[in-house]
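Visitor: Quick one: this structure, given as C-alpha cells, is what I'll be asking you about.
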RNA sequence: GCUCCCUUCGUCUAGUGGCCUAGGACGUCGGCCUCUCACGCCGAAAACAGGGGUUCGAGUCCCCUAGGGAGCGCCA
C-alpha cells in the first residue's frame, strides 16, 4: 500500500503551533517514504468556519513551505458523497433517524452526570419507526453493543476500547451537514490514507471511526496519535499562551527553519542531535520514534534555535527577511545601503529578525533623540576633544572602510592616551543614538562618511548646548 | 463522575536489564575574552514521581498509588 498522509485542520480558529507540528509530522512521514501528503480543510461547521481562518492556514503552511501534493480539498464540496454514504448506512440498518430534541438530550446528560455516569446517548430512538411532528431528525450511527475495538497505534502501541463505552454518535446534523467523525472517515477512506497522524485528543474518537469503516466494509487506515503541546502552565496550548497564529511567529522575527527545527524536536529526537536541516528531518524522521508524553512549548529554546539559524545563515538569505521586517516598521530601505553588510554586522547579535531590524534602524533614518542614559553617560564635555579629533581625521580619510576607520579611532585613543572604549562609545551613541551597535569601525563604514560626520556634528552640538544650559 | 493516555534535571530529551557514581541541549549561575551588545570558550548547580514485585542485577519488565493530560456536542 502506498504511503499517504494528510493534515486536516478546521478553519474555526488560528493555525497554531500544535497544528503546525501535526502538519510537519505528516509531511515528513510522507516525504521520508516517498509518499503523498494532502491538505484537507474540514469546514463542515458552517457556524464557525471562516474564510479568514482558511487563509491563515494556507499562508502559514506556505510560509513554512510545507507544500501539499494534493489539495486543498474542502469537505463542503463533498456533500453528495456524504449523503450517498449515509444512504447506504441507513439502508443497512447501521444508521437511524433520531428525533430527540436538544432539550431532551441535555436533560439526559444532566441526569447521567448527576448519577455519576459517563454522559452518553442512550439509544432511545434506535427502534423508533415513526417521525416526530415538528422535529427535523439527525442521523445517528448504530454502534456495536458488544466486543471492543483494538488498534495498533504507531506511537502508543495497542489501544483497546470497549464498545460498551461508545454511544451512537451523530453522523448528519438536522440541517444536512455531516459531522466531523463521519466526514473524516469518508474522506480518509476515499483519499486512501495509509496513516493518520493527528493529536492525542483524537484517541477517543478513533474506535468510533473504526466502527464506521467496518460498517462501510472498508479497512481503516493505521493511526499515530502524537502527544499534545502544552503551554508553560502545563495546560493545553490555548489562546492565552502560544496558541496564536503561526504567522505571529513570522512577525516576531522567527525563521521558518528555526520553527520547524524546534517543532520537530518536540516529541521526537535522534540521539543528541539538536540541529536538523529540513533534508535531515526528512531522512531521519520516523513516526515510531515519537514520544508518548506531552511536551511544553519553550519560547527560549525556539529563540536559541532562531539565533543559531540567523548566525549561520548566508547573509543574502537574510536580506529579504530584514527588508520584510523593516517594511512592517514603516522603514524604507534605500537602495544604496549595503544590505548584506548590515546583515553581516548584525547576524551574531540578533536573536530574531525583528531584533535585527530594530538594530538596523539607524542605518536607514535619523533618530529623534538619544537614548537617555547613554547620552548622559557618554555625551559629556570630556568627550568633545576626542570626538572633534576623530571627526577631523575621518573627514580627511582617503579611503572610507572599516580598516581605515579603525585606524583613526585607535590612533586618536592612543594619541590622547585614552582606552578605546572612551572614544568608541561616545561615537557609537552619536551615530546610532544608543549604547548598542556592531563594532564601531564596521558601523561607521556601513553608515557612510556623510551620515557619520553629520551625526558627530550633531552630537558635538548637543554636548555644547547641554553644557551651556548647565553653565547658564 | 466515567473511559482512554502519559510520568528521566525548571524545559526539550538520550537511555530499550549490567557501558548510568544517568549523557546532551535550552535556560540559570560563576569565570575568561572585550570599544557597546553579542559571539565564542571554560566551569557549576540541576532529574529516573512514590511503593511493591520479577531478576544475580532495574531509569529500563510487571502491579498498585499519586500526579498530569485528553475525551465524554447536531465542535473539529
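In our numbering, the protein residues as written are 2 to 473.
Each residue gets a CB set at the ideal place from its N, CA and C atoms; glycine is no exception.
All figures in this text were calculated on a predicted structure; none of them were measured in a lab.
Residue 490 to residue 210, Cα distance in whole Å?
Guide: Here the chain covers residues 2 to 473 and nothing more, so residue 490 does not appear.
Visitor: Would DSSP call residue 71 helix, strand or coil?
Guide: If DSSP states are grouped into helix, strand and coil, residue 71 belongs with the strands.
Visitor: Roughly how many angstroms separate the alpha carbons of residue 126 and residue 16, rounded to a whole number?
Guide: Cα to Cα, the separation comes out at about 38 Å.
Visitor: Going by other Cβ atoms of all chains shown within 10 Å of its Cβ, with 16 needed for buried, is residue 151 buried or exposed?
Guide: Residue 151 should be labelled exposed.
Visitor: Please name the residue, chosen from 258, 281, 280, 72, that lies closest to residue 304 on a Cα-to-Cα basis.
Guide: Taking only the C-alpha atoms, the option nearest residue 304 is 258.
Visitor: Excluding the 5 residues flanking residue 443 on each side, which residues of the same chain have their C-beta closer than 6 Å to its C-beta?
Guide: Within the same chain, residue 443 has close Cβ partners 346, 403.
Visitor: Below 8 Å on the Cβ atoms is my contact criterion, and I expect residue 224 with residue 186 to pass it. Report the Cβ-Cβ distance as a whole number of Å.
Guide: Not confirmed; about 12 Å, so no contact.
Visitor: Less than 8 Å between the CB atoms is what I'm expecting for residue 447 and residue 343, so what's the real figure, rounded?
Guide: That belief holds up - the Cβ atoms of residue 447 and residue 343 are roughly 6 Å apart, short of 8 Å.
Visitor: Roughly how many angstroms separate the alpha carbons of residue 475 and residue 92, rounded to a whole number?
Guide: Only positions 2 to 473 of the chain appear in the structure, and residue 475 is not among them; the question remains open.
Visitor: Considering only the beta carbon of each residue, do residue 176 and residue 134 sit closer than 9 Å?
Guide: No; because the gap between Cβ atoms is not below 9 Å, this pair is not in contact.
Visitor: Would you kindly work out how many angstroms separate the C-alpha atoms of residue 241 and residue 311, rounded to a whole number?
Guide: Low confidence applies to residue 241: its pLDDT is 48, below 50, so where it sits in the model is not reliable, and the reading given next is rough at best. Cα to Cα, the separation comes out at about 28 Å.
Visitor: Relative to the C-alpha of residue 190, which residue among 131, 31, 161, 222 is closest?
Guide: The shortest C-alpha separation from residue 190 is found at 222.
Visitor: Following the continuous beta strand (DSSP E) through residue 49, name the residue where it begins and the one where it ends.
Guide: Note, residue 49: premise wrong, no beta strand (DSSP E); not H, not E.
Visitor: Among the candidates 163, 201, 248, whose CA atom is the shortest distance from the CA of residue 212?
Guide: It is 163.
Visitor: With distances taken from CA atoms, which of 380, 309, 321, 326 is nearest residue 348?
Guide: When only C-alpha atoms are compared, the closest one is 309.
Visitor: Tell me which same chain residues have a C-beta within less than 7 Å of the C-beta of residue 193, skipping the five on either side of it?
Guide: If we look at residue 193 and ignore the five residues flanking it on each side, its Cβ neighbours are 5.
Visitor: So does the segment 64-71 actually touch the segment 31-49, counting three or more Cβ pairs closer than 8 Å?
Guide: The segment 64-71 vs the segment 31-49: in contact.
Visitor: Does the separation of the CB atoms of residue 359 and residue 368 fall below 9 Å?
Guide: No, these two residues do not count as a Cβ contact at 9 Å.
Visitor: Have a look at residue 233 and residue 59 and give me their C-alpha separation to the nearest angstrom.
Guide: Each residue's alpha carbon lies about 27 Å from the other.
Visitor: Could you tell me which of 129, 169, 82 sits nearest to residue 123, measuring between CA atoms?
Guide: Answer by Cα proximity: 169.
Visitor: Do residue 207 and residue 140 come within 9 Å of each other at the CB atom, strictly closer than that value?
Guide: No; because the gap between Cβ atoms is not below 9 Å, this pair is not in contact.
Visitor: Where does residue 294 land, buried or exposed, given buried means 16+ other C-beta within 10 angstroms?
Guide: Exposed, by the Cβ-count rule.
Visitor: Taking buried to mean at least 16 other C-beta atoms within 10 Å of its own C-beta, is residue 414 buried or exposed?
Guide: Residue 414 is buried by the Cβ-count criterion.
Visitor: With a 10 Å radius around its C-beta and 16 neighbouring C-beta atoms as the bar for buried, classify residue 116 as buried or exposed.
Guide: Per the 10 Å Cβ criterion, exposed.
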